[in-house]
Amino acid sequence: MELFRQEALEARSVPALGTVQIASPPRNTVWVALAMAVSGALLIWLVFGHYTRRIHASGTLVPAAGLIEINARLTGTLSTLSVVEGQRVKRGDVLGTIIAERRSEAGEEVAALISAGVRRQKQELRTAIRNGELVDATALADLKQNLAIALSQRQRVVEQVALAERQASASQELLDKIEPLRAKGYVSAFQFQQQNAQAIDAQNQLKVLSRQRSDIDQQIANLRTQIDQHPLKAEARRGDLERQLSQMDQQLLENEAGRAVTVITPVDGTITSILIKPAQSVQAGQSVLAIMPEQGDLQAQMLVPSDVVGFVRSGAFVALHYKAFPYQKFGVEHGAVAQISRSALTPAEIGVLRGEAPVDEPMYRVDVNLRAQSVVAYNRPEPLRPGMAVEADILLEKRRVIEWVFEPLYGLAHRFDESEPAR
């Protein structure tokens, strides 16, 4: 049983002046609801949203085979340079000349002295060849003249032999006729001996003339042999001198090749950079200029600073912006990382890739395979060309936004864990 009635209790719960209500404008409610909605959306984005880190890089389009560097084959000075950057060249075109510098103690160029000496020897050999031709012609004329004289002598000797044969025959016939008369006493012994002596003299004269004819025949045969062999011997002597002259030419070529080298382009392409200017010194193996070949698929060759290259991975997605085709109008092209250089490029190599003066900042080369070799512009494909400038965003790891927010705390905790065992 209660002490007070229920109606009394309810009457005491109501203040004498009534209830107090705080008036709130409706717009405050709207702002509170909006703030809660934004906070909730932000929280959801932090928890479930993702962000992909990216690296911005610049580069150029090059053939997949890469740039062709033209290196010096000897140490010397670039004497001439017949091309400029951006010039198109054909295979076999002369790009320039490099001259070696080797000097004697007297300060004279050794190669020039050697070349001058070889040229003097060549001139002497040419003079010897001309003199040899004159001597050979004179000797051949003398041989022919001697042959003509020998033939004339032979003709006279032949006539004398014929006369001597008749005389010997007549003397012998007369001796044969008077010999029976000597037996009968019609011819004295003195007359017979006299006739016999004449017959013997005639025979001896015939033998002498016959021997002269044989000697002249032998002389004629020797002269004809010499005349026949003379052109062969003269050609042999000339050939020996010409071989020496050819050896001199080869020696001169080798000396000049060691003194000056012509730089020739090996392929069709475009001069992208010139690293050595005329009158500058160059070392053997040093890059003189670079050529971008025209044939083959293109590849984007990017330069990435060393402080961010550690996050780039092969196969990473790449967004490409070609300066020749603004992405605001023609869209973004895509590609994938194909290869990352294992070591930083030298300043000279960076200059070759960029086509400008070398830089001191360490850079790495990142090759990007293109998804397409053309860009659709005004409803038709436009082929990409070597040397086009390209800007790229290399997409790295994809993480939740909240992880990026608390990444400094993760790093701090990691460093704390590493320093803990040292205490």
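So the sequence shown is numbered by this note's numbering: it starts at 2 and just counts up by one. C-beta atoms are modelled at their ideal positions from N, C-alpha and C, and glycine is treated no differently. A quick note: this is a predicted structure, and the numbers were derived from the prediction, not measured.
- Taking all protein chains shown into account, residue 379 has fewer than 16 neighbouring C-beta atoms within 10 Å of its C-beta and is therefore exposed.
- Judged by DSSP secondary structure, residue 331 falls within the alpha helix (DSSP H) whose first and last residues are 328-331.
- For the pair residue 156 and residue 217, the Cα-to-Cα distance works out to about 10 angstroms.
- In this structure, residue 78 lies near residue 280, with their beta-carbon atoms less than 8 angstroms apart.
- Look at residue 287 here: in three-state DSSP terms it is coil, with no helix or strand label.
- Excluding residues up to 5 positions away in sequence, 91, 92, 295 lie with their Cβ nearer than 6 angstroms to the Cβ of residue 269 in the same chain.
- With a beta-carbon spacing of about 7 angstroms, residue 290 and residue 96 fall inside the 8 angstroms limit used to define contacts.
- Across the structure, residue 262 and residue 121 are spaced so that their CA atoms are roughly 23 angstroms apart.
- Residue environment analysis places residue 160 among the exposed positions, since fewer than 16 neighbouring C-beta atoms fall within 10 angstroms of its C-beta.
- With contact defined as three or more Cβ pairs closer than 8 angstroms, the segment 28-35 and the segment 238-252 are not in contact.
- In the DSSP assignment, residue 381 falls within the unbroken beta strand (DSSP E) covering 381-384.
- Pairwise C-beta distances place the segment 139-147 in contact with the segment 221-241, as three or more of them are shorter than 8 angstroms.
- Here residue 80 is exposed, its C-beta having fewer than 16 other C-beta atoms within 10 Å.
- Excluding the 5 residues flanking it on each side, residue 343 has no same chain C-beta neighbour closer than 6 angstroms.
- Between residue 133 and residue 273, the gap from beta carbon to beta carbon reaches 8 angstroms or more.
- Taking residue 324 as the centre and dropping the five residues before and after it, the same chain places the C-beta of 390 closer than 6 angstroms to its C-beta, in chain order.
- Distance from the CA atom of residue 62 to the CA atom of residue 386, rounded to whole angstroms, is 7 angstroms.
- Nearest to residue 271 by C-alpha distance, out of 26, 71, 168, 370, is 71.
- Where residue 318 is concerned, the enclosing beta strand (DSSP E) starts and stops at 318-323.
- Nearest neighbour of residue 370 by Cα position, chosen from 363, 347, 221, 337, turns out to be 337.
- Across the structure, residue 300 and residue 56 are spaced so that their CA atoms are roughly 18 angstroms apart.
- Of all alpha-carbon atoms in 117, 173, 312, the one lying nearest the alpha-carbon of residue 198 is that of 173.
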